[in-house]
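Here the structure is laid out as structure tokens; the discussion comes afterwards.
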Amino acid sequence: MKSRDEIAHDGKIVEITPEFTSVEIIASSACSSCHAKGMCGVSEEERKVIMLPTDPYASWEEGDNVRVFMKKSMGLKAVWISYVIPLAVLMILILSLSPVIGNEPLRGLAAIAGVAVYYLFVWLFRDRLADEFVFYIKEK
6 MKSRDEIAHD
16 GKIVEITPEF
26 TSVEIIASSA
36 CSSCHAKGMC
46 GVSEEERKVI
56 MLPTDPYASW
66 EEGDNVRVFM
76 KKSMGLKAVW
86 ISYVIPLAVL
96 MILILSLSPV
106 IGNEPLRGLA
116 AIAGVAVYYL
126 FVWLFRDRLA
136 DEFVFYIKEK
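In this text, residue positions in the sequence shown follow the working numbering: the first is 6, and each later residue adds one.
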């Protein structure tokens with residue numbers, strides 16, 4: 006697979022169990038590589054732990070530096086599920102409830118409730134979605 010079709014993060018294996026391998030990655034903002042980041046205060050780094058299915062044939066050990074990969078199409082799908090579709094639901098509800106509900110604050114609350122119901126369905130189907138979003142690791 007070409008590297009431009011993948012999203013990669015450097016990480017370190019923190020735990021290996023028979024079911025899952027936990028890899029800690031450092032998610033940094035775009036300006037974290039700037040030479041003035043110490044003076045600016047805008048840059049940020051956040052440590053995240055990703056749990057991947059353990060490959061029984063891999064020779065990883067805790068403390069190994071690895072690269073975590075994900076298909077770029079899966080990242081775009083995540084953006085659609087978490088941002089684009091809820092925004093569309095919100096806008097459709099606000100516009101379609103205008104003739105039905107005359108009170109603007111009530112109409113806004115109803116639209117937000119609709120988005121909450123959408124996120125409830127995403128949460129209910131989280132196991133099915135987790136099967137689609139697969140990370141894999143390679144040596145650094």
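Every residue, glycine too, gets a C-beta built ideally from N, C-alpha and C.
Anyone know if the C-beta pair for residue i and residue j falls short of 8 angstroms?
i      : j      : result
Phe138 : Met79  : yes
Trp65  : Ile18  : yes
Val94  : Val120 : yes
Ala115 : Leu134 : no
Quick one: residues in its chain with C-beta nearer than 8 angstroms to the C-beta of residue i, no 5 flanking neighbours on either side, listed in chain order?
i      : result
Leu125 : none
Ile21  : Ser27, Thr59, Trp65, Glu66, Glu67
Asp132 : none
Glu109 : none
On the DSSP letters alone, give me the boundaries of the beta strand (DSSP E) that residue i sits inside.
i     : result
Asp15 : 11-21
To the nearest whole angstrom, what separates the beta carbons of residue i and residue j, a pair I think is in contact under 8 angstroms?
i      : j     : result
Lys143 : Val71 : 7 angstroms
Ile30  : Lys77 : With 8 angstroms as the limit, Ile30 and Lys77 do not qualify as a contact, their Cβ atoms being about 16 angstroms apart.
Glu51  : Ala63 : About 26 angstroms; that fails the 8 angstroms criterion.
From what residue to what residue does the alpha helix (DSSP H) around residue i run?
i      : result
Val120 : 109-129
Val84  : 77-84
Ser101 : 90-101
Given that a residue counts as buried once 16 or more other Cβ atoms are within 10 Å of its Cβ, and exposed if not, what is residue i?
i      : result
Val105 : exposed
Phe130 : exposed
Ile117 : exposed
Ile97  : exposed
Met6   : Confidence is the limiting factor: at Met6 the pLDDT is only 47, short of 50, which leaves the residue's position unreliable and the question unanswerable from this model.
Gly107 : exposed
Short of 6 angstroms in beta carbon distance, which residues of its chain neighbour residue i, apart from the five on each side in sequence? Order them along the chain.
i     : result
Phe74 : Glu11, Ala13, Tyr141
Lys53 : Ile30, Ala32
Do we get a CB-CB distance below 8 angstroms when we pair residue i with the residues of chain E?
i     : result
Arg52 : This model lacks chain E altogether; it includes just one protein chain.
Could you name the residues of the same chain whose beta carbon sits closer than 7 angstroms to that of residue i, not counting the 5 residues immediately before and after it, in chain order?
i     : result
Pro23 : Thr59
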